[in-house]
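**Q** One structure, as structure tokens, below. Some questions next.
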Amino acid sequence: MQFCPKDGGLMVPTKKGNKEILKCNKCGYEMPLDKKAKKAYEIKENRGKSGKVLTTSIVSENEGRRREDDEWQQEREEYYKEVGLELLREELEGTEEHEEE
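First residue of the sequence shown: 403, per our numbering; consecutive thereafter.
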């Protein structure tokens, strides 16, 4: 990336007619785009092995559904543990009362 020599603004590659130039986004200063600068502004896309691009909405949607089911299952397990512990506590307290009598 290059910065404007006049005011330090970011130089953005743009087309002017048939030529590509760098233009300051603050003051509008223009300069020619050389090969070295053009290479610095190239955008590359990395794709996975399958070549498919996954969007975040699809990934999030699938994960969200599965995680929601997992959360419900975990909540059920915790509830049953609490109920079981409470019943066990009541039973133990009841047997202790009978032993004292």
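Virtual Cβ for every residue (Gly too), placed ideally from N, Cα, C.
So which of Tyr482, Glu480 and Lys421 has the shortest CA-CA distance to lysine 440?
**A** The residue with the shortest Cα to Cα distance from lysine 440 is Lys421.
**Q** Measure the C-alpha to C-alpha separation of lysine 425 and glutamate 432 and round it to an integer number of angstroms.
**A** Answer to the nearest angstrom: the Cα atoms are 4 Å apart.
**Q** Mind checking which residues open and close the beta strand (DSSP E) that includes lysine 441?
**A** From DSSP, lysine 441 is part of no beta strand (DSSP E) but of the alpha helix (DSSP H) over 437-442.
**Q** Kindly indicate which residue of Val485, Glu495, Met413 and Arg478 has the alpha-carbon position closest to the one of proline 434.
**A** Answer by Cα proximity: Met413.
**Q** Could you say which of Glu479, Glu477, Asn427 and Gln404 lies nearest to lysine 442 if we only look at CA atoms?
**A** For clarity, residue 442 is alanine in the given sequence; the question names lysine instead. Taking only the C-alpha atoms, the option nearest alanine 442 is Gln404.
**Q** Identify, in the order they occur along the chain, each residue of the same chain with its Cβ nearer than 8 Å to the Cβ of cysteine 429, setting aside the five sequence neighbours on each side.
**A** Correct list, in chain order: Cys406, Lys408, Asp409 and Gly411.
**Q** With DSSP as the reference, label lysine 483 as helix, strand or coil.
**A** Here lysine 483 sits in helix by DSSP.
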